[in-house]
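The opening residue of the sequence shown carries number 182 in the working numbering; numbering runs sequentially from there.
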Amino acid sequence: MARLPKLGLVALVFVVALGAFALLSRAEDSSSRGAGSEGTGDTRALAGDTQGQIEDLQDQVRAAPEEASGYSALGDAYLQRARETGDASLYLQAEGAFDQALRRDPEDLAATVGVGTLALARHDFRAGLRLGRRARALAPTTVRPFAVVVDSQIELGQYEKAERSLQQMVDRKPNLDSYSRISYFRELEGDLPGAIEAMRLAVSAGGGTPENEAYVQTLLGDLELEGANVAGATEAYRGALAKVPGHPPAQAGLAKVDIAAGRLERAQRRLRSVSDRLPLPIYVIPLAEVELALGRQERAAEDLEIVRVQRRLLEDAGTRADVDLVLFEADHGSARRAVRLGRGVLADAPSVRSEDALGWAYTRAGQPARGLALARRALRRGSVDPSFHYHAGMAARQTGDLPLARRELREALSLNPAFSPLHAQRARRALKAMA
(Lines of atoms letter the chains of each structure in order from A and count residues from 1; the text may use other names and numbers.)
(Lines give C-alpha, C1' and ligand atoms only; values in the text may rest on other atoms or scores of the structure.)
Protein backbone atom coordinates (compact mmCIF):
# COMPACT_ATOMS: atom_id res chain seq x y z
CA MET A 1 0.00 0.00 0.00
CA ALA A 2 1.36 3.39 -0.97
CA ARG A 3 2.33 5.76 1.83
CA LEU A 4 -0.66 7.76 2.94
CA PRO A 5 -0.94 11.48 2.32
CA LYS A 6 -1.55 13.94 5.15
CA LEU A 7 -3.96 12.27 7.57
CA GLY A 8 -6.62 13.92 9.69
CA LEU A 9 -9.09 13.13 12.45
CA VAL A 10 -12.64 11.90 12.33
CA ALA A 11 -15.95 12.42 14.08
CA LEU A 12 -18.05 9.50 12.96
CA VAL A 13 -21.80 9.85 13.13
CA PHE A 14 -21.78 6.87 15.51
CA VAL A 15 -19.16 7.82 18.04
CA VAL A 16 -19.58 5.20 20.70
CA ALA A 17 -16.76 4.25 23.04
CA LEU A 18 -13.40 4.12 21.30
CA GLY A 19 -13.24 0.64 22.77
CA ALA A 20 -15.68 -0.41 20.06
CA PHE A 21 -13.06 0.46 17.44
CA ALA A 22 -10.33 -1.22 19.47
CA LEU A 23 -12.35 -4.44 19.42
CA LEU A 24 -12.09 -4.60 15.65
CA SER A 25 -8.53 -5.84 15.99
CA ARG A 26 -9.18 -8.71 18.40
CA ALA A 27 -11.07 -11.03 16.08
CA GLU A 28 -8.39 -11.05 13.39
CA ASP A 29 -5.75 -12.00 15.94
CA SER A 30 -7.65 -14.70 17.80
CA SER A 31 -6.70 -17.58 15.56
CA SER A 32 -3.04 -16.66 15.58
CA ARG A 33 -2.81 -17.00 19.35
CA GLY A 34 -4.77 -20.24 19.57
CA ALA A 35 -7.97 -19.42 21.39
CA GLY A 36 -9.94 -22.58 21.92
CA SER A 37 -8.43 -25.91 22.82
CA GLU A 38 -8.94 -27.40 19.39
CA GLY A 39 -9.79 -24.32 17.38
CA THR A 40 -13.42 -24.45 18.52
CA GLY A 41 -13.26 -20.95 19.98
CA ASP A 42 -11.98 -19.56 16.69
CA THR A 43 -14.70 -21.35 14.73
CA ARG A 44 -17.37 -19.93 17.01
CA ALA A 45 -15.88 -16.42 16.72
CA LEU A 46 -15.73 -16.50 12.94
CA ALA A 47 -19.29 -17.80 12.84
CA GLY A 48 -20.43 -14.90 15.00
CA ASP A 49 -21.41 -17.08 17.97
CA THR A 50 -19.73 -15.06 20.71
CA GLN A 51 -21.76 -16.60 23.54
CA GLY A 52 -20.82 -20.06 22.32
CA GLN A 53 -17.19 -18.97 22.16
CA ILE A 54 -17.39 -17.76 25.76
CA GLU A 55 -18.74 -21.11 26.90
CA ASP A 56 -16.01 -22.98 25.05
CA LEU A 57 -13.33 -20.76 26.58
CA GLN A 58 -14.78 -21.17 30.06
CA ASP A 59 -14.43 -24.93 29.56
CA GLN A 60 -10.87 -24.39 28.36
CA VAL A 61 -9.73 -22.42 31.40
CA ARG A 62 -11.32 -24.99 33.71
CA ALA A 63 -9.41 -27.72 31.90
CA ALA A 64 -6.10 -25.82 31.85
CA PRO A 65 -6.27 -23.24 34.66
CA GLU A 66 -2.53 -22.62 34.58
CA GLU A 67 -2.54 -21.29 30.99
CA ALA A 68 -2.74 -17.50 30.52
CA SER A 69 -3.84 -17.71 26.88
CA GLY A 70 -7.27 -19.14 27.67
CA TYR A 71 -8.04 -16.33 30.11
CA SER A 72 -6.91 -13.60 27.71
CA ALA A 73 -9.04 -15.07 24.92
CA LEU A 74 -11.98 -15.26 27.33
CA GLY A 75 -11.52 -11.59 28.24
CA ASP A 76 -11.58 -10.65 24.56
CA ALA A 77 -14.76 -12.64 24.04
CA TYR A 78 -16.43 -10.87 26.97
CA LEU A 79 -15.55 -7.50 25.44
CA GLN A 80 -16.94 -8.52 22.06
CA ARG A 81 -20.14 -9.74 23.70
CA ALA A 82 -20.43 -6.47 25.64
CA ARG A 83 -20.50 -4.56 22.36
CA GLU A 84 -23.04 -6.91 20.86
CA THR A 85 -25.42 -6.84 23.83
CA GLY A 86 -24.77 -3.56 25.62
CA ASP A 87 -24.38 -5.49 28.88
CA ALA A 88 -21.93 -3.35 30.87
CA SER A 89 -21.49 -6.07 33.51
CA LEU A 90 -19.42 -7.96 30.94
CA TYR A 91 -16.69 -5.33 31.39
CA LEU A 92 -16.22 -6.61 34.93
CA GLN A 93 -16.03 -10.20 33.69
CA ALA A 94 -13.50 -9.20 31.04
CA GLU A 95 -11.45 -7.41 33.67
CA GLY A 96 -11.43 -10.53 35.83
CA ALA A 97 -10.33 -12.75 32.94
CA PHE A 98 -7.49 -10.42 31.94
CA ASP A 99 -6.39 -10.19 35.56
CA GLN A 100 -6.20 -13.98 35.76
CA ALA A 101 -4.13 -14.08 32.54
CA LEU A 102 -1.66 -11.46 33.79
CA ARG A 103 -1.28 -13.24 37.14
CA ARG A 104 -0.12 -16.29 35.24
CA ASP A 105 2.00 -14.37 32.74
CA PRO A 106 2.63 -10.65 33.40
CA GLU A 107 3.95 -10.30 29.84
CA ASP A 108 0.99 -11.90 28.10
CA LEU A 109 0.50 -9.72 25.02
CA ALA A 110 -3.15 -10.51 24.41
CA ALA A 111 -4.11 -9.72 28.00
CA THR A 112 -2.10 -6.49 27.96
CA VAL A 113 -3.86 -5.37 24.78
CA GLY A 114 -7.12 -6.56 26.31
CA VAL A 115 -6.85 -4.40 29.43
CA GLY A 116 -5.88 -1.49 27.19
CA THR A 117 -8.99 -2.06 25.11
CA LEU A 118 -11.06 -2.26 28.27
CA ALA A 119 -9.59 1.07 29.42
CA LEU A 120 -10.72 2.63 26.14
CA ALA A 121 -14.21 1.21 26.55
CA ARG A 122 -14.31 2.83 29.99
CA HIS A 123 -12.95 6.13 28.60
CA ASP A 124 -9.72 5.96 30.59
CA PHE A 125 -7.54 7.02 27.66
CA ARG A 126 -4.38 7.74 29.63
CA ALA A 127 -4.40 4.19 30.98
CA GLY A 128 -5.16 2.96 27.47
CA LEU A 129 -2.12 4.75 26.09
CA ARG A 130 0.13 3.44 28.85
CA LEU A 131 -1.07 -0.14 28.28
CA GLY A 132 -0.87 0.19 24.51
CA ARG A 133 2.73 1.32 24.77
CA ARG A 134 3.52 -1.55 27.11
CA ALA A 135 2.00 -3.99 24.63
CA ARG A 136 4.00 -2.44 21.83
CA ALA A 137 7.19 -2.83 23.89
CA LEU A 138 6.33 -6.51 24.47
CA ALA A 139 5.87 -7.14 20.74
CA PRO A 140 7.42 -4.34 18.63
CA THR A 141 6.65 -6.03 15.30
CA THR A 142 3.00 -6.86 16.08
CA VAL A 143 0.28 -4.58 14.74
CA ARG A 144 -2.43 -5.11 17.32
CA PRO A 145 -1.02 -2.82 20.07
CA PHE A 146 -1.12 0.08 17.63
CA ALA A 147 -4.93 0.06 17.70
CA VAL A 148 -4.95 0.87 21.41
CA VAL A 149 -2.19 3.46 21.04
CA VAL A 150 -3.81 5.26 18.10
CA ASP A 151 -7.26 5.40 19.67
CA SER A 152 -5.83 6.68 22.95
CA GLN A 153 -3.73 9.36 21.26
CA ILE A 154 -6.71 10.61 19.28
CA GLU A 155 -8.87 10.97 22.38
CA LEU A 156 -6.04 12.67 24.25
CA GLY A 157 -5.70 15.23 21.47
CA GLN A 158 -2.24 13.99 20.50
CA TYR A 159 -3.02 14.23 16.82
CA GLU A 160 0.47 14.44 15.35
CA LYS A 161 1.59 11.46 17.43
CA ALA A 162 -1.55 9.59 16.42
CA GLU A 163 -0.75 10.28 12.77
CA ARG A 164 2.70 8.80 13.13
CA SER A 165 1.41 5.78 15.02
CA LEU A 166 -1.30 5.17 12.46
CA GLN A 167 1.22 5.37 9.62
CA GLN A 168 3.31 2.69 11.33
CA MET A 169 0.19 0.58 11.83
CA VAL A 170 -0.82 0.85 8.18
CA ASP A 171 2.72 0.11 7.01
CA ARG A 172 2.73 -3.09 9.05
CA LYS A 173 -0.73 -4.38 8.11
CA PRO A 174 -3.20 -2.64 5.77
CA ASN A 175 -6.41 -4.39 6.82
CA LEU A 176 -9.94 -3.76 8.17
CA ASP A 177 -8.51 -2.57 11.46
CA SER A 178 -6.03 -0.06 10.04
CA TYR A 179 -8.18 1.14 7.13
CA SER A 180 -11.07 1.90 9.49
CA ARG A 181 -8.74 4.03 11.57
CA ILE A 182 -7.51 5.88 8.51
CA SER A 183 -11.12 6.79 7.90
CA TYR A 184 -11.59 7.61 11.57
CA PHE A 185 -8.51 9.82 11.32
CA ARG A 186 -9.50 11.73 8.18
CA GLU A 187 -13.00 13.05 8.59
CA LEU A 188 -12.64 15.56 11.39
CA GLU A 189 -10.22 17.61 9.33
CA GLY A 190 -12.80 17.77 6.56
CA ASP A 191 -11.62 15.02 4.23
CA LEU A 192 -14.94 13.23 3.91
CA PRO A 193 -14.16 11.71 0.46
CA GLY A 194 -10.90 10.34 1.87
CA ALA A 195 -12.72 8.95 4.89
CA ILE A 196 -15.26 7.21 2.66
CA GLU A 197 -12.52 5.78 0.45
CA ALA A 198 -10.65 4.35 3.44
CA MET A 199 -13.80 2.86 4.95
CA ARG A 200 -14.64 1.20 1.63
CA LEU A 201 -11.19 -0.39 1.74
CA ALA A 202 -11.90 -1.57 5.28
CA VAL A 203 -15.12 -3.20 4.12
CA SER A 204 -13.35 -4.82 1.17
CA ALA A 205 -10.55 -6.12 3.39
CA GLY A 206 -12.99 -8.15 5.50
CA GLY A 207 -11.66 -10.47 8.14
CA GLY A 208 -12.69 -10.95 11.74
CA THR A 209 -16.15 -11.82 13.00
CA PRO A 210 -19.34 -11.17 11.01
CA GLU A 211 -20.37 -8.60 13.62
CA ASN A 212 -17.12 -6.66 13.18
CA GLU A 213 -17.53 -6.67 9.41
CA ALA A 214 -21.14 -5.53 9.70
CA TYR A 215 -20.11 -2.81 12.13
CA VAL A 216 -17.54 -1.40 9.71
CA GLN A 217 -20.02 -1.58 6.83
CA THR A 218 -22.45 0.40 8.98
CA LEU A 219 -19.78 3.04 9.56
CA LEU A 220 -19.41 3.25 5.79
CA GLY A 221 -23.15 3.86 5.55
CA ASP A 222 -22.86 6.68 8.09
CA LEU A 223 -20.13 8.32 6.03
CA GLU A 224 -22.04 7.90 2.78
CA LEU A 225 -25.05 9.54 4.40
CA GLU A 226 -22.87 12.41 5.63
CA GLY A 227 -21.78 12.85 2.03
CA ALA A 228 -25.45 13.01 0.89
CA ASN A 229 -25.17 9.65 -0.91
CA VAL A 230 -28.45 8.24 0.37
CA ALA A 231 -28.43 5.34 -2.09
CA GLY A 232 -24.88 4.39 -1.08
CA ALA A 233 -25.74 4.63 2.60
CA THR A 234 -28.80 2.45 2.16
CA GLU A 235 -26.77 -0.15 0.26
CA ALA A 236 -24.12 -0.21 3.00
CA TYR A 237 -26.67 -0.63 5.79
CA ARG A 238 -28.44 -3.40 3.92
CA GLY A 239 -25.11 -5.07 3.26
CA ALA A 240 -24.43 -5.06 7.00
CA LEU A 241 -27.84 -6.59 7.64
CA ALA A 242 -27.07 -9.31 5.10
CA LYS A 243 -23.98 -10.22 7.13
CA VAL A 244 -25.75 -10.01 10.50
CA PRO A 245 -29.57 -10.04 10.24
CA GLY A 246 -31.11 -7.56 12.64
CA HIS A 247 -27.75 -5.83 13.27
CA PRO A 248 -28.77 -2.91 15.55
CA PRO A 249 -26.32 -0.26 14.21
CA ALA A 250 -27.42 -0.99 10.64
CA GLN A 251 -31.11 -0.83 11.59
CA ALA A 252 -30.43 2.51 13.27
CA GLY A 253 -28.62 3.56 10.10
CA LEU A 254 -31.74 2.91 8.03
CA ALA A 255 -33.61 5.07 10.54
CA LYS A 256 -31.16 7.87 9.72
CA VAL A 257 -32.01 7.44 6.06
CA ASP A 258 -35.66 7.81 7.00
CA ILE A 259 -34.90 10.97 8.96
CA ALA A 260 -32.99 12.42 6.02
CA ALA A 261 -36.02 11.75 3.83
CA GLY A 262 -38.40 13.31 6.37
CA ARG A 263 -40.00 9.96 7.21
CA LEU A 264 -40.00 10.52 10.97
CA GLU A 265 -42.79 8.04 11.70
CA ARG A 266 -40.88 5.25 9.99
CA ALA A 267 -37.65 6.32 11.70
CA GLN A 268 -39.45 6.23 15.04
CA ARG A 269 -40.66 2.67 14.43
CA ARG A 270 -37.19 1.46 13.44
CA LEU A 271 -35.52 3.11 16.42
CA ARG A 272 -38.20 1.80 18.77
CA SER A 273 -37.56 -1.73 17.51
CA VAL A 274 -33.80 -1.39 18.00
CA SER A 275 -34.12 0.28 21.41
CA ASP A 276 -36.53 -2.36 22.68
CA ARG A 277 -33.91 -5.01 21.88
CA LEU A 278 -30.84 -3.04 22.91
CA PRO A 279 -31.66 0.01 25.08
CA LEU A 280 -28.34 1.79 24.65
CA PRO A 281 -28.00 5.60 24.65
CA ILE A 282 -26.82 5.62 21.02
CA TYR A 283 -30.24 4.28 20.01
CA VAL A 284 -32.53 5.64 22.72
CA ILE A 285 -31.37 9.26 22.46
CA PRO A 286 -32.11 9.52 18.70
CA LEU A 287 -35.45 7.82 19.36
CA ALA A 288 -36.32 10.39 22.03
CA GLU A 289 -35.27 13.24 19.74
CA VAL A 290 -37.44 11.92 16.90
CA GLU A 291 -40.33 11.72 19.34
CA LEU A 292 -39.68 15.29 20.48
CA ALA A 293 -39.67 16.39 16.84
CA LEU A 294 -43.03 14.62 16.44
CA GLY A 295 -44.40 16.39 19.52
CA ARG A 296 -44.54 13.27 21.69
CA GLN A 297 -43.13 14.85 24.82
CA GLU A 298 -44.30 12.25 27.33
CA ARG A 299 -42.94 9.28 25.43
CA ALA A 300 -39.65 11.08 24.83
CA ALA A 301 -39.35 11.78 28.56
CA GLU A 302 -39.79 8.07 29.30
CA ASP A 303 -37.05 7.16 26.85
CA LEU A 304 -34.67 9.79 28.22
CA GLU A 305 -35.12 8.27 31.66
CA ILE A 306 -33.97 4.93 30.19
CA VAL A 307 -30.78 6.69 29.09
CA ARG A 308 -30.19 7.89 32.64
CA VAL A 309 -30.60 4.34 33.96
CA GLN A 310 -28.17 2.99 31.35
CA ARG A 311 -25.65 5.67 32.24
CA ARG A 312 -25.79 4.65 35.89
CA LEU A 313 -25.18 1.02 34.90
CA LEU A 314 -22.13 2.06 32.89
CA GLU A 315 -20.82 4.04 35.85
CA ASP A 316 -21.29 0.98 38.07
CA ALA A 317 -19.17 -1.00 35.59
CA GLY A 318 -16.31 1.48 35.96
CA THR A 319 -17.01 3.63 32.89
CA ARG A 320 -16.04 7.28 33.16
CA ALA A 321 -18.09 10.22 31.96
CA ASP A 322 -17.58 10.90 28.27
CA VAL A 323 -18.43 13.42 25.56
CA ASP A 324 -21.76 11.79 24.86
CA LEU A 325 -22.84 12.11 28.49
CA VAL A 326 -21.89 15.80 28.49
CA LEU A 327 -23.96 16.42 25.36
CA PHE A 328 -26.86 14.42 26.76
CA GLU A 329 -26.90 16.48 29.95
CA ALA A 330 -26.59 19.73 27.99
CA ASP A 331 -29.51 18.83 25.71
CA HIS A 332 -31.81 16.83 27.97
CA GLY A 333 -30.67 17.21 31.56
CA SER A 334 -28.88 19.76 33.68
CA ALA A 335 -26.70 22.26 31.83
CA ARG A 336 -24.83 23.02 35.05
CA ARG A 337 -24.07 19.33 35.51
CA ALA A 338 -23.01 19.19 31.85
CA VAL A 339 -20.47 21.94 32.50
CA ARG A 340 -19.13 20.15 35.56
CA LEU A 341 -18.84 16.85 33.69
CA GLY A 342 -17.45 18.55 30.61
CA ARG A 343 -14.60 20.14 32.53
CA GLY A 344 -13.59 16.73 33.81
CA VAL A 345 -13.90 15.12 30.39
CA LEU A 346 -11.75 17.82 28.78
CA ALA A 347 -9.10 17.39 31.48
CA ASP A 348 -9.07 13.61 30.98
CA ALA A 349 -9.36 13.65 27.18
CA PRO A 350 -8.32 17.03 25.70
CA SER A 351 -9.64 16.38 22.21
CA VAL A 352 -11.67 18.53 19.84
CA ARG A 353 -14.75 16.47 20.69
CA SER A 354 -14.30 17.31 24.35
CA GLU A 355 -13.89 21.00 23.49
CA ASP A 356 -17.07 20.95 21.44
CA ALA A 357 -19.03 19.20 24.19
CA LEU A 358 -17.89 21.53 26.97
CA GLY A 359 -18.49 24.52 24.72
CA TRP A 360 -22.07 23.42 24.13
CA ALA A 361 -22.55 22.84 27.85
CA TYR A 362 -21.42 26.41 28.55
CA THR A 363 -23.78 27.75 25.87
CA ARG A 364 -26.70 25.82 27.29
CA ALA A 365 -25.78 27.02 30.78
CA GLY A 366 -26.05 30.68 29.72
CA GLN A 367 -22.34 31.34 29.12
CA PRO A 368 -22.26 31.58 25.30
CA ALA A 369 -19.00 33.56 25.11
CA ARG A 370 -17.16 30.67 26.74
CA GLY A 371 -19.13 28.27 24.59
CA LEU A 372 -18.19 30.06 21.38
CA ALA A 373 -14.49 30.18 22.28
CA LEU A 374 -14.44 26.43 22.77
CA ALA A 375 -16.57 25.80 19.68
CA ARG A 376 -14.03 27.70 17.58
CA ARG A 377 -11.21 25.64 19.07
CA ALA A 378 -13.11 22.45 18.25
CA LEU A 379 -13.40 23.56 14.62
CA ARG A 380 -9.73 24.48 14.21
CA ARG A 381 -8.87 21.23 12.45
CA GLY A 382 -11.54 21.68 9.79
CA SER A 383 -14.34 19.42 11.07
CA VAL A 384 -17.25 18.69 8.78
CA ASP A 385 -19.35 17.40 11.68
CA PRO A 386 -22.62 19.39 11.39
CA SER A 387 -23.16 19.35 15.14
CA PHE A 388 -19.87 21.21 15.71
CA HIS A 389 -21.06 23.98 13.38
CA TYR A 390 -24.53 23.98 14.93
CA HIS A 391 -23.05 24.44 18.40
CA ALA A 392 -20.83 27.27 17.16
CA GLY A 393 -23.76 28.93 15.38
CA MET A 394 -26.09 28.83 18.36
CA ALA A 395 -23.35 30.15 20.67
CA ALA A 396 -22.61 32.99 18.23
CA ARG A 397 -26.30 33.87 18.07
CA GLN A 398 -26.48 34.16 21.85
CA THR A 399 -23.39 36.40 21.94
CA GLY A 400 -24.95 38.69 19.33
CA ASP A 401 -22.55 37.80 16.51
CA LEU A 402 -25.35 37.25 13.99
CA PRO A 403 -23.18 37.08 10.82
CA LEU A 404 -21.13 34.25 12.36
CA ALA A 405 -24.29 32.59 13.63
CA ARG A 406 -25.85 32.60 10.18
CA ARG A 407 -22.67 31.29 8.59
CA GLU A 408 -22.22 28.41 11.02
CA LEU A 409 -25.88 27.35 11.07
CA ARG A 410 -26.02 27.40 7.27
CA GLU A 411 -22.85 25.33 7.19
CA ALA A 412 -24.39 22.76 9.54
CA LEU A 413 -27.48 22.41 7.37
CA SER A 414 -25.44 22.43 4.18
CA LEU A 415 -23.29 19.55 5.43
CA ASN A 416 -26.35 17.51 6.40
CA PRO A 417 -29.88 19.00 6.34
CA ALA A 418 -31.05 16.19 8.65
CA PHE A 419 -28.04 15.95 10.98
CA SER A 420 -30.43 15.75 13.93
CA PRO A 421 -34.22 15.41 13.97
CA LEU A 422 -34.30 17.96 16.79
CA HIS A 423 -31.39 20.34 16.25
CA ALA A 424 -31.82 20.66 12.49
CA GLN A 425 -35.31 22.05 13.16
CA ARG A 426 -33.90 24.45 15.74
CA ALA A 427 -31.19 25.60 13.34
CA ARG A 428 -33.78 26.42 10.69
CA ARG A 429 -35.94 28.30 13.19
CA ALA A 430 -32.91 30.30 14.38
CA LEU A 431 -31.98 31.23 10.80
CA LYS A 432 -35.53 32.32 10.09
CA ALA A 433 -35.57 34.47 13.21
CA MET A 434 -32.31 36.17 12.13
CA ALA A 435 -33.46 36.78 8.54
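Ideal Cβ placement from N, Cα and C applies to all residues, glycine included.
Exposure of residue i, with buried meaning 16 or more beta-carbon neighbours within 10 Å
i: L527; result: buried
i: K613; result: exposed
i: S595; result: exposed
i: V490; result: exposed
i: S270; result: exposed
i: A503; result: Going by the sequence as given, residue 503 is Asp instead of Ala. With 16 or more other Cβ atoms within 10 Å, it is buried.
i: E276; result: buried
i: D497; result: exposed
i: Q398; result: buried
i: E288; result: exposed
i: T500; result: buried
i: R609; result: exposed
i: E370; result: buried
i: E510; result: buried
i: A605; result: buried
i: S385; result: exposed
i: M615; result: exposed
i: A611; result: buried
i: P584; result: exposed
i: P426; result: exposed
i: T322; result: exposed
i: R243; result: exposed
i: L357; result: buried
i: P374; result: exposed
i: L406; result: buried
i: D457; result: exposed
i: L495; result: buried
i: G297; result: buried
i: E368; result: buried
i: A538; result: buried
i: G313; result: buried
i: E536; result: buried
i: Q478; result: exposed
Best match in the options for proximity to residue i [C-alpha to C-alpha]
i: A431; options: G443, L401 and E446; result: L401
i: V507; options: G476, W541 and E496; result: W541
i: P355; options: F327, D332 and Q334; result: F327
i: L603; options: S568, Q239 and D582; result: S568
i: R325; options: R587, R353, L299 and V438; result: R353
i: D505; options: G499, V471 and I463; result: I463
i: A409; options: R609, A599 and R610; result: A599
i: D566; options: E248, V425 and N597; result: N597
i: R453; options: A442, G443, P429 and V438; result: P429
i: I487; options: A474, H513 and R561; result: H513
i: A308; options: G388, T322, A320 and V331; result: V331
i: Y365; options: K342, R477, I335 and R284; result: I335
i: F279; options: D286, Y252 and A421; result: Y252
i: G387; options: Y360, Q239 and K437; result: Y360
i: V533; options: L560, T390 and M615; result: L560
i: V520; options: D484, A546, I377 and R317; result: A546
i: L299; options: P321, R264 and R284; result: R264
i: D372; options: A611, D582 and S564; result: S564
i: L283; options: H570, L495, A423 and A316; result: A316
i: D286; options: Y272, G313 and E247; result: E247
i: L337; options: P531, A302 and A538; result: P531
i: A593; options: G581, A586, Y571 and T580; result: Y571
i: L343; options: A254, E472 and R362; result: Note that residue 343 is Ala in the sequence shown, not Leu. That would be R362, whose Cα lies nearest to the Cα of A343.
i: R492; options: G267, S250, A245 and R311; result: G267
i: R607; options: L473, R557, E483 and A417; result: L473
i: D403; options: A417, P391 and T390; result: A417
i: L136; options: L238, A376 and V294; result: The chain is shown from 182 up to 616; residue 136 falls before or after that span and cannot be answered.
i: Q274; options: I235, F306 and L382; result: I235
i: M350; options: L310, V329, Y340 and L382; result: V329
i: Y272; options: A291, L301 and A249; result: L301
i: K424; options: P391, I377 and R557; result: P391
i: Q548; options: G525, D529, R517 and L522; result: R517
Point to revise | Unbroken stretches of the alpha helix (DSSP H), 4 residues or longer, contained in the stretch 356-383 | key: 357-367
Point to revise | Stretch-stretch touch, CB-based, cutoff 8 Å, three pairs: the stretch 574-581 with the stretch 540-554 | key: yes
Review point. Given 8 Å as the limit, is there contact between the stretch 259-266 and the stretch 229-242, that is, 3 or more CB pairs closer than that?
Key: yes
Review point. In chain order, which alpha helix (DSSP H) runs of at least 4 residues are fully inside the stretch 414-469?
Key: 429-441 and 445-458
**Study point:** Any alpha helix (DSSP H) of 4 or more consecutive residues that is wholly inside the stretch 244-283
**Key:** 249-266
Check your understanding: At which residue ranges does the stretch 325-359 contain complete alpha helix (DSSP H) runs of 4 or more residues, listed in the order of the chain?
Key -> 325-336 and 340-353
Check your understanding: In the stretch 518-585, which residue ranges form an unbroken beta strand (DSSP E) of at least 3 residues, counting only runs that do not cross its ends?
Key -> none
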